[in-house]
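Numbering-wise, the working numbering puts 1142 at position 22 of the sequence shown, and it's gapless, one number per residue. Step one of this worksheet: look at the structure below.
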Amino acid sequence: MMALSGCSGLPKIAKLNISIEPNPLPYSNEGGRWYYAMSISESNGVGVSITSLIFSYYDQEDQFMGAQIFGVSEFLEWFKANYISAFSMVQSGIVSLSSRRYAIVTAEGIDDNNNPIEATGRLDFLSQ
């Protein structure tokens, strides 16, 4: 019997990466907000349709404070597209009014091979 390494016959699964700049976020005295850029990229050669973007907020004691769930329509407002082609990315400037310590950002979607995809990133807020 002969085994071929790396030849499983299974379709590839997309891999998303979330990048936030700057991070941690400095507080802006102009309007009391935090300004940042978020990029979501695909790095495994399979396109993804984003279905939701979730911000889960935590306080100074790491206690969960609540979540904001943004669907496709809100994602389109921010990023202008909810489909990320293989080896490409979407990017948007975002303004936050949060005064929490940090947020876990989760992007969810379905890749071109119908696999559910999820990626997370952490967004830290510097104190006011």
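C-beta: ideal position from N, C-alpha, C; glycine also. Remember, predicted model here, so these are calculated numbers, not experimental data.
Should residue i go down as buried or exposed, given a rule of 16 or more other Cβ atoms within 10 Å for buried?
i: Ile-1170; result: buried
i: Leu-1145; result: buried
For residue i, report the span of its alpha helix (DSSP H) as first-last.
i: Leu-1196; result: 1192 to 1199
Over what stretch of residues does the beta strand (DSSP E) that includes residue i continue unbroken?
i: Gly-1241; result: 1236 to 1244
i: Thr-1213; result: The amino acid at residue 1213 is misidentified as Thr; the sequence shows Gly. Element bounds for Gly-1213: 1209 to 1216.
Can you tell me which residues form a DSSP beta bridge with residue i?
i: Asn-1137; result: Ser-1161
i: Thr-1226; result: Ile-1174 and Thr-1240
From residue i to residue j, what distance separates their C-alpha atoms?
i: Gly-1241; j: Ile-1138; result: 6 Å
i: Tyr-1177; j: Phe-1207; result: 30 Å
i: Leu-1130; j: Tyr-1203; result: 23 Å
i: Phe-1184; j: Leu-1243; result: 14 Å
Looking only at C-alpha atoms, which of the options sits nearest to residue i?
i: Ile-1140; options: Phe-1175, Gly-1152, Gly-1165 and Pro-1236; result: Phe-1175
i: Asn-1164; options: Gln-1188, Glu-1181 and Lys-1135; result: Lys-1135
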